[in-house]
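This report refers to the structure that appears directly beneath it.
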Ligand code: SIN
């Protein structure tokens, strides 16, 4: 299915436009043959975004949850500027993997230079929603391909609205109204024991990522739909029920939320920019063979406290 969106009110905008106001583009939003995701054609992110284009991208993001912008030859500054149109940016707790002069950008990479990792090489190795361990988890993330491996390196996205909609009634009833703890530290030591990318955290960093509590089922603040909001990476326990029940329930939810029929698998192309909604999807980095290089830049936009 292809939906072509001609810019509405184009003539009026052109008449009223001042020299400084960017003109709207002819955008095409092409949904994937997948449970979520769409390609956005006809937009150059190195150019300032018009109000009309912003509205269309915003709408498409709410409708499709993952947007792919192809062949975006943009600078880190343009990446940050585009991301900021959607809200304030968050700074990752691992400051050692910030891009120089751009603290809002986290380098996601398995590359080592002079024996030292240049980025977070094991980001996303468990299903998660970015920064769900914060009081205000990420609204969305934007990941821009810098260097891609010849094989592997895919990113998988799972639709958590559909996960909720298709949850068996008994499970829906069991989890409705429950709250769960999320913590950045949940898998940190496990990852640290088998990878060179996890430095020992300072007390200041540990204090920055104190455990938080969020509803197991959240309501999307913009589209009003319910979504499962637990993840293998950051959710440690469900509150107010016995530990063994919490473990069993989370196990069932993790399994259900990553079922193949919920997933879009993104195979990266050079200069792709992928913008996903952390309020409605979880994601997973499928992994890259050790001998191949992969580098991407990521920004995360602050969202609301889940309800
Ligand atoms: C992430 O979890 O943000 C990184 C995903 C990836 O590297 O594919």
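Numbering (the working numbering), first residue to last: 45 to 351. Here a beta-carbon is modelled for each residue, glycine too, at the ideal position from N, C-alpha and C. In this text the structure is predicted, and so the values were computed from the model without any measurement.
Requested in this report: Enumerate in chain order the residues of its own chain whose CB-to-CB distance from residue 290 is below 6 Å, with the five nearest sequence positions on each side excluded.
Outcome: 281, 282
Requested in this report: Can you grab the Cα-Cα spacing for the pair residue 84 / residue 93, in whole Å?
Outcome: 14 Å
**Report entry** Environment of ligand 1 in chain order, Cβ to heavy atom below 5 Å
**Finding:** 152, 167, 168, 199, 329
Query - Exposure label - residue 52; buried when at least 16 CB within 10 Å - result: Confidence at residue 52 is low in this model, with a pLDDT of 31, below 50, so the placement of that residue should be treated as unreliable; the coordinate-derived value is given next. Counting Cβ neighbours within 10 Å, residue 52 comes out exposed, since fewer than 16 surround it.
**Report entry** Strand pairing of residue 156, partner residues [DSSP]
**Finding:** 161
**Report entry** Selection from 327, 339, 335 that minimises the alpha carbon distance to residue 182
**Finding:** 327
Requested in this report: From the DSSP output, in three-state form, read off residue 167 for me.
Outcome: coil
Report task. Please list the segments of the beta strand (DSSP E) lying wholly inside the region 229–284, counting only runs of 3 or more residues, in order along the chain. Result -> 256–259, 261–263, 270–272, 279–282
Query - Which listed residue (270, 303, 199, 318) has its alpha carbon closest to that of residue 329 - result: 199
Query raised in the report: How would you write the range of the alpha helix (DSSP H) that residue 216 sits in, first residue to last?
Result: 213–219
Query - Burial state of residue 145, where buried means 16 or more other Cβ atoms lie within 10 Å - result: exposed
Requested in this report: Note down the Cα distance separating residue 334 from residue 311, rounded to an integer number of angstroms.
Outcome: 18 Å
Query raised in the report: Who are the near neighbours of residue 276 in its chain, counting only those whose CB is closer than 6 Å to its CB and skipping five residues on each side?
Result: 170, 171, 298
Query raised in the report: Across which residues does DSSP place residue 307 in a beta bridge pair?
Result: 202
Report task. Indicate the three-state DSSP secondary structure (helix, strand or coil) for residue 184 in the structure shown. Result -> strand
**Report entry** Assigned exposure category for residue 248 - 16 Cβ within 10 Å defines buried
**Finding:** exposed
Query raised in the report: Do you know offhand how far residue 338's Cα is from residue 286's?
Result: 42 Å
Query - For residue 296, the first and last residue of its enclosing beta strand (DSSP E) - result: Unbroken run through residue 296 is the alpha helix (DSSP H), 287–301; no beta strand (DSSP E).
Query - At least three beta-carbon pairs within less than 8 Å, the region 242–262 to the region 312–320 - result: no
Query raised in the report: Roughly how many whole angstroms lie between the Cα atoms of residue 50 and residue 116?
Result: Because the pLDDT of residue 50 is 33, which lies under 50, any placement of that residue in the model is unreliable, and the number read from its coordinates should be weighed accordingly. Distance between the alpha carbons of residue 50 and residue 116: 21 Å.
Query - Residue from 185, 86, 341, 336 with nearest C-alpha to residue 114 - result: 86
Report task. Could you check if residue 102 is buried or exposed, using at least 16 other CB atoms within 10 Å of its CB as the buried criterion? Result -> exposed
Requested in this report: Could you spell out where the beta strand (DSSP E) holding residue 101 opens and where it closes?
Outcome: Looking at the DSSP string, residue 101 is not in any beta strand (DSSP E); the run it does join, the alpha helix (DSSP H), is 95–108.
Query - Beta-carbon proximity check, residue 133 vs residue 142, cutoff 8 Å - result: no
Query raised in the report: Going straight from the alpha carbon of residue 300 to that of residue 193, what length do you get?
Result: 30 Å
Requested in this report: Under 8 Å Cβ to Cβ from residue 124, same chain only, skipping five residues before and after it: list those, please.
Outcome: 133, 146, 148, 149, 343
Query raised in the report: So, helix, strand or coil for residue 342, using DSSP?
Result: strand
Query raised in the report: Considering only C-alpha positions, which residue in the set 292, 106, 180, 98 is nearest to residue 268?
Result: 106
Query raised in the report: Would residue 240 be called buried (16 or more neighbouring beta carbons within 10 Å of its own) or exposed?
Result: exposed
Requested in this report: Leaving aside the five residues before and after residue 208 along the sequence, list all residues of the same chain whose C-beta is less than 7 Å from its C-beta, in chain order.
Outcome: 261, 270, 271, 272
Requested in this report: For residue 220, collect the residues of the same chain with a Cβ closer than 7 Å to its Cβ; drop the 5 residues on either side in sequence, then sort them by chain order.
Outcome: 261
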